[in-house]
Every structure is written in C-alpha cells, then in structure tokens.
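Everything below concerns the one structure shown next.
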Amino acid sequence: MYTQLEGTSPYKQIKVTTTINAPLEKVMEILMAFGNYSSWMNQVYESYLVNQVDSSYYVFLLEDADWPMQNRYQVSKLDVRQSVTKSSVRFRAVPNFIEKRTDAIQIKQYEGYWELEDRTDHQCELEYVLIQHPGGHVPPWLANFHAVENPYQSIFRLKELAENAKIRP
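If you read the sequence shown in our numbering, its first letter stands for residue 43, the second for the next number, and so on.
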C-alpha cells in the first residue's frame with residue numbers, strides 16, 4: 043500500500059497492489075456484485091445499482107462514519123472494460139445524481155480504478171487507486187488515517203472472499 047499527497051490537496055491518494063490467489067473472473071464477479079459491497083468494503087453500510095447504460099454502471103454507496111463524523115454517501119459512475127487477460131473498473135463520483143439525502147454528507151470528489159491482470163495458476167494481480175475528498179468538515183489527519191485503514195481492510199476482505207471457494211459474492 044502506498045500513499046501520497048495529490049497536488050495541493052491535504053488528502054492522501056492511495057494505491058494498493060497485491061496478488062490474489064483466485065482467477066480474474068472470480069474477482070470481477072465480486073466487484074460487479076454491487077449490492078454485496080457491504081460484505082467486504084470497510085465501513086460501507088449500503089450499496090446498490092442505481093442505473094446501467096451499456097458498460098457504465100451508476101452505483102450508490104452509503105458509508106458508516108465513526109463518531110463524531112457524519113455518514114457519507116455517493117453515486118459513482120463505473121466504467122467496466124474486460125478482455126481475456128485484463129479487466130478494469132474505473133470510477134468517478136457523479137454529484138447530485140440522486141436526490142440529496144439529509145442523513146449523510148455527499149462525497150463529490152471520488153475517483154480511481156480497479157485493474158486486474160490474469161496470471162498463471164489461477165492468480166491475478168490487482169491494482170487499486172483512489173483519490174477522494176470526504177466532503178464536509180473532516181480534518182485531513184483523520185481522513186488520511188481512514189484513507190489507509192479502509193482500503194487495507196477492504197482489500198484484505200476482497201482477497202478472503204475471492205480465495206475462499208465456498209463463499210459466493
């Protein structure tokens with residue numbers, strides 16, 4: 043896992059690379075199961091597909107924030123590309139795509155990607171990059187802590203889910 047400050051923003055960009063002992067298709071199946079994100083994405087309380095246009099998916103996420111912060115929500119546009127040996131899911135927040143919620147703060151700046159490359163022996167390489175601004179009034183030190191903790195826990199759970207043949211997304 044790597045972090046760096048992006049431009050003039052006080053919020054860190056993260057990058058995770060790892061090998062998953064599962065075929066690319068299994069990992070993509072998990073990434074495309076939008077309603078199951080809460081089973082592996084750290085602090086995601088609710089998720090669902092809002093709309094689909096061709097290979098673009100609009101996905102809602104509600105994140106459960108620790109006190110004293112307020113919960114966060116977003117709708118992101120996911121663009122999916124797949125070939126025999128590589129797949130990618132690029133995402134970007136689409137502010138105001140749904141009616142404004144009063145129970146959570148909208149994340150308006152959120153973008154990144156999941157890239158997967160098939161390897162031999164039923165393995166794949168994963169690269170995950172995320173740049174975000176949490177919205178509202180969050181001290182950078184607190185947001186940067188979660189910028190490391192949340193992806194770490196999420197990737198750990200994603201690997202566990204993908205590598206366990208008995209678990210279905």
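The C-beta atom is built at its ideal place from N, Cα and C for all residues, glycine as well.
Predicted model, so just to flag it, every value in this text is computed and none were measured.
| Query | Result |
| --- | --- |
| Rounded to the nearest angstrom, how far is the Cβ of Met43 from that of Val171, given a contact under 8 Å? | The Cβ separation is near 11 Å, so there is no contact. |
| For Val92 versus Val131, is the C-beta spacing smaller than 8 Å? | no |
| DSSP has Asp54 in a bridge; who is on the other side? | It should be pointed out that residue 54 corresponds to Lys in this sequence rather than to Asp. Lys54 pairs with Leu47. |
| Is Trp187 helix, strand or coil by DSSP? | Note that residue 187 corresponds to Phe in the displayed sequence, not to Trp. The answer is helix: DSSP assigns Phe187 an H, G or I state. |
| Mind checking who Gly154 pairs with in its DSSP beta bridge? | Phe133 and Leu172 |
| So what does DSSP say about Lys68, is it helix, strand or coil? | helix |
| Which first and last residues belong to the beta strand (DSSP E) in which Asn84 is found? | Premise fails: Asn84 is in no beta strand (DSSP E) and is neither H nor E. |
| Can we say the stretch 75 to 87 touches the stretch 99 to 118, given the rule of at least three CB pairs closer than 8 Å? | yes |
| Quick one, which of Gln148, Val180 and Ser196 has its alpha-carbon nearest Ile156's? | The amino acid at residue 156 is misidentified as Ile; the sequence shows Trp. Measuring from the Cα of Trp156, the nearest candidate turns out to be Ser196. |
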